[in-house]
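*Asks:* Next up is a structure, given as structure tokens.
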Amino acid sequence: MVEGKQCVCHARVNKHVQAGEFAPGDFANVCVAMTRKSSHKPVHFLKGAYPFLLHQMQRRAHKIADVVRILRVYARWPSGLMKQTTMIVAITAQLSVEALTGLADQELAQVLASLASLCGSREYPYREGIAVFHRAEPVIISRIPAMDHGSLSRIVFAYNVHGLGDGRLYRLLLDRGLEVVSAMSPRQLSNCLKVFGEQLCSRKVQRTEGWSSEHHDGKMGPSTSTTEPTWFYDAAEVTVVRKIREFKSLDVVETIVGYAHARTGSTQLWAVLVEATNHRITIFNAEQASMLCWAFAVVRTGAKLFPQLQVTALERLNQFSAFGLTNMLWAFAVMKKLDPDFCEPILAVLTPEVVSSDSRCALLFPTLRELQAVHPDFDPAGTERYLGYCRSHFWDLQLSTAPSDELMTSISDTLVQIERPGVGMYDFDGFLVDVWVPGIKAAILVSTRANMQARSQTPTGEAILRHRHVMRGTRGRVIHVWDQEWYEMDSQERATFLRERLDRWYEEDQNVEKGQGAPEGSTESVPTPKRIPVEPIPGEVELLKKLQERMKEEVEIGSALTPGLCAGSPQEMARNIRRQRRAAKRWKEIDTPEDEPARLPWEAKMWVKERKTRHGGARGSK
742 MVEGKQCVCH ARVNKHVQAG EFAPGDFANV CVAMTRKSSH KPVHFLKGAY PFLLHQMQRR
802 AHKIADVVRI LRVYARWPSG LMKQTTMIVA ITAQLSVEAL TGLADQELAQ VLASLASLCG
862 SREYPYREGI AVFHRAEPVI ISRIPAMDHG SLSRIVFAYN VHGLGDGRLY RLLLDRGLEV
922 VSAMSPRQLS NCLKVFGEQL CSRKVQRTEG WSSEHHDGKM GPSTSTTEPT WFYDAAEVTV
982 VRKIREFKSL DVVETIVGYA HARTGSTQLW AVLVEATNHR ITIFNAEQAS MLCWAFAVVR
1042 TGAKLFPQLQ VTALERLNQF SAFGLTNMLW AFAVMKKLDP DFCEPILAVL TPEVVSSDSR
1102 CALLFPTLRE LQAVHPDFDP AGTERYLGYC RSHFWDLQLS TAPSDELMTS ISDTLVQIER
1162 PGVGMYDFDG FLVDVWVPGI KAAILVSTRA NMQARSQTPT GEAILRHRHV MRGTRGRVIH
1222 VWDQEWYEMD SQERATFLRE RLDRWYEEDQ NVEKGQGAPE GSTESVPTPK RIPVEPIPGE
1282 VELLKKLQER MKEEVEIGSA LTPGLCAGSP QEMARNIRRQ RRAAKRWKEI DTPEDEPARL
1342 PWEAKMWVKE RKTRHGGARG SK
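Following this line, the structure appears as structure tokens:
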């Protein structure tokens, strides 16, 4: 009965539309009312009303408020445009600077958010909407000091979707966000954390270079903000911890990724985020799982989640994108959890064409270097081939985060002063060494805000992998220069800092040439680390092989079983793996320090003793 009434209402409205009986203002009200619920068949209505609405838009018969409402309707139901850009052109032509200035903050934010979600796809190129964003930018800048948190979040989302907006705009939005962060909802807060983190990582929002040469000389640019960008993240910690139970899975992922991009966050905050992830570990999709792995590896925390994320990756292998798989492998390499049985199926999915053409797969290069060092017997020819595919992408990625020219010039001048000239931007097996001293074969690695965490002042995952590889290749001859300490030292202290280490290694080389060996007091030379095997869960390899054989048999027979109906199904095998991991956690966490191999509970004597006692008691009762 209800469906019949809706059909009659639909027919009557279409009849009035075709007769042209609606005034422009009334027509906008009808569009909003007929598209409020999906049961009203809004796409069908919009397709029928498209020619009449387009005629009114081209004649500019609607007021600007009605134009905004119609734009929101099409942003919610883009199929009503029928892949035609004429309507978007007609709408954006009316959004002039004067029209945008007359809108309230909320309406202006809704216009930009609707254009951002509607434009940019294959059907609707973004060139029709980009002009509106350029017109709105000066209006937004003038209103930012009094903008509410809802409008701020929408504008941040709209400008970030397609990479619009300059550094000044984002910096003003960040400063305003610091003032209204406590009033944001979980969705608004996670969106702002992710966007501002991406802008900080891409250096679009310039950090307050408190330790740069300009600051050291007492100079400050005219556009430099008085606040530190990480203050927004520090202020957001209280809100995140207080509202973490209200966060949905997407909110948790974006919050974690935002803090990872910003390279900040206290230990207590990351503990809360790890627990929130652990509670939702089974509901994350493939893209979210890869983002979580990458974020936790950047800050090097949450190691106990990686065994469960590994099972998720194997279960949903075909749902991952190429760069998602490379990010996940890179995260496992940083956390020292690379397993050949885990790498083999992932590398089989990554085709050479995808790796060589997608610059986002750059992190595969350091991952394979770490795999060569930990497991040298793992397909040497195939590993070298894949290294060649992604080497140039990784080099470009390192150049984008290289230290400033002023800092590099200062280090080079100091080396010339102590008569140890170096080579800047040196290619060391694909890794960028900031300064290479060829005579002594020593590397100088610069630690900046880009590769260090702001709160703990510890290196990030990218710096860790570079440090490991260079340490192996130079036998420990690595000098870490922290930019903050470097700018605090005068020229004499800098020269002494470098001379002490370089002269010591030079004396070692001279003694080796004379056959005397290294001096007893030398502690800088570090031997090549031993290979640390990563021991998988017992039975995991057999289960995976059995899973592959089972799937092959089902394909050959042609009678594939419905997933989850039999005890030997892939889903049941994955559950068995998770049960084994949960049983292991009852005895001991599979989370060990970086330099120690994983020791599983069944290696402990107490576990064997209790198992014998348990089985012995069962036999006695029989």
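Per my numbering, numbering through the sequence shown is continuous, rising by one, with the last residue being 1363. We put the beta carbon where it would ideally sit given N, CA and C, even for glycine.
(1) Using C-beta distances below 8 Å, list every residue in its chain close to valine 873, excluding the 5 sequence neighbours before and after it, in chain order.
(2) In three-state terms, what does DSSP make of glutamate 1184?
(3) Between Leu1138, Lys1078, Val1174, Val897, which has its C-alpha nearest glycine 918's C-alpha?
(4) When DSSP labels each residue in this structure, what does aspartate 1137 get in the three-state scheme?
(5) Isoleucine 885 and leucine 914 - do their beta-carbons sit closer together than 8 Å?
(6) Quick check: arginine 1196 and threonine 1005, are their CB atoms within less than 8 Å of each other?
(7) Keeping to the same chain, check which residues put their C-beta closer than 7 Å to that of valine 1075; ignore five residues upstream and five downstream.
(8) Could you tell me if proline 1304 is buried or exposed, where buried requires 16 or more neighbouring beta carbons within 10 angstroms of its beta carbon?
(9) Between the beta-carbon of aspartate 807 and the beta-carbon of alanine 850, is there less than 8 Å?
(10) Can you give me the start and stop residues for the alpha helix (DSSP H) that leucine 930 sits inside?
(11) Going by DSSP in three states, aspartate 1082 sits in which element: helix, strand or coil?
(12) Report yes if the CB atom of alanine 1191 is closer than 8 Å to the CB atom of arginine 1218, and no otherwise.
(13) Between Asn1059, His1002, Ser1188, Thr1008, which lies nearest to asparagine 1026 when the distance is taken from Cα to Cα?
(14) Go to methionine 1212, then tell me how far its alpha helix (DSSP H) extends in each direction, as first and last residue.
(15) Of all the alpha helix (DSSP H) runs that stay within the bounds of the segment 1016–1098, which reach a length of 4 or more residues?
(16) Give me, in chain order, the residues of the same chain whose beta-carbon lies closer than 6 Å to that of threonine 1067; leave out the 5 immediate sequence neighbours on both sides.
(17) What residues in its chain sit with their C-beta under 8 Å from that of glutamine 1368, if we drop five residues either side in the sequence?
(18) What did DSSP end up calling histidine 1221 once you bin it into helix, strand or coil?
(19) Measuring only the C-alpha atoms, how far is valine 838 from alanine 877?
(20) Smallest Cα separation from asparagine 932: which of Phe1172, Ile881, Lys989, Ser943?
(21) Is the distance from the Cβ of aspartate 992 to the Cβ of proline 927 below 8 Å?
(22) Is it true that the CB of valine 1222 sits closer than 8 Å to the CB of valine 1174?
(23) Since alanine 1003 and glycine 938 should fall inside the 8 Å C-beta cutoff, what is the C-beta to C-beta distance between them, to a whole number of angstroms?
(24) Judging by CA-CA distance, which residue of Tyr911, Gly891, Val902 is the nearest neighbour of proline 879?
(25) Would you kindly work out how many angstroms separate the C-alpha atoms of alanine 1259 and tryptophan 1035, rounded to a whole number?
(26) Which two residues bound the contiguous beta strand (DSSP E) that contains methionine 1166?
(27) Using 8 Å as the threshold, is the C-beta distance between threonine 1108 and leucine 1070 below it?
(28) To the nearest angstrom, how far is it from the Cα of glycine 1180 to the Cα of glycine 1043?
(29) Under a Cβ-count criterion, where at least 16 other Cβ atoms within 10 Å of its own Cβ denotes burial, should glutamine 1051 be classed as buried or exposed?
(30) Between the Cα of leucine 1055 and the Cα atoms of His796, Glu1085, His890, Val922, which residue gives the shortest distance?
(31) Keeping to the same chain, check which residues put their C-beta closer than 7 Å to that of histidine 890; ignore five residues upstream and five downstream.
(32) For leucine 910, does the three-state DSSP call read helix, strand or coil?
(33) Would you tell me roughly how many angstroms separate the C-alpha atoms of proline 819 and glutamine 799, rounded to the nearest one?
*Replies:* Looking at the coordinates:
(1) Thr833, Leu836, Leu841, Val852, Leu853, Leu856
(2) The identity of residue 1184 in the sequence shown is alanine, whereas the question assumes glutamate. Three-state DSSP puts alanine 1184 in a strand.
(3) Val897
(4) helix
(5) yes
(6) yes
(7) Cβ contact annotation for valine 1075 (same chain, cutoff 7 Å, sequence separation greater than five): Ala1038, Arg1041, Gly1202, Ile1205, Leu1206, in chain order.
(8) At proline 1304 the pLDDT is 37, less than 50, meaning the model places this residue with poor confidence; the figure from the coordinates comes in the next sentence. Counting C-beta atoms within 10 angstroms of its own C-beta, proline 1304 has fewer than 16 neighbours from the protein chains shown and is therefore classed as exposed.
(9) Not a contact, by the Cβ cut-off of 8 Å.
(10) Note, leucine 930: alpha helix (DSSP H), 927–942.
(11) helix
(12) no
(13) Asn1059
(14) 1202–1215
(15) 1027–1040, 1047–1056, 1063–1075, 1081–1090, 1093–1098
(16) Cys1102, Leu1104, Leu1105
(17) Residue numbering for the chain in the displayed model covers 742 to 1363; residue 1368 lies beyond these limits and cannot be assessed.
(18) strand
(19) 7 Å
(20) Lys989
(21) yes
(22) Contact: no.
(23) 4 Å between Cβ atoms; contact.
(24) Ranking Tyr911, Gly891, Val902 by Cα distance to proline 879 puts Tyr911 first.
(25) Low confidence applies to alanine 1259: its pLDDT is 46, below 50, so where it sits in the model is not reliable, and the reading given next is rough at best. Answer to the nearest angstrom: the Cα atoms are 41 Å apart.
(26) 1164–1169
(27) yes
(28) Rounded to the nearest whole angstrom, the CA to CA distance from glycine 1180 to glycine 1043 is 41 Å.
(29) If you draw a 10 Å sphere on the C-beta of glutamine 1051, you find 16 or more other C-beta atoms in it, and that means buried.
(30) Glu1085
(31) Val921, Ala924, Met925, Gln929
(32) helix
(33) Going from the Cα of proline 819 to the Cα of glutamine 799 covers about 19 Å.
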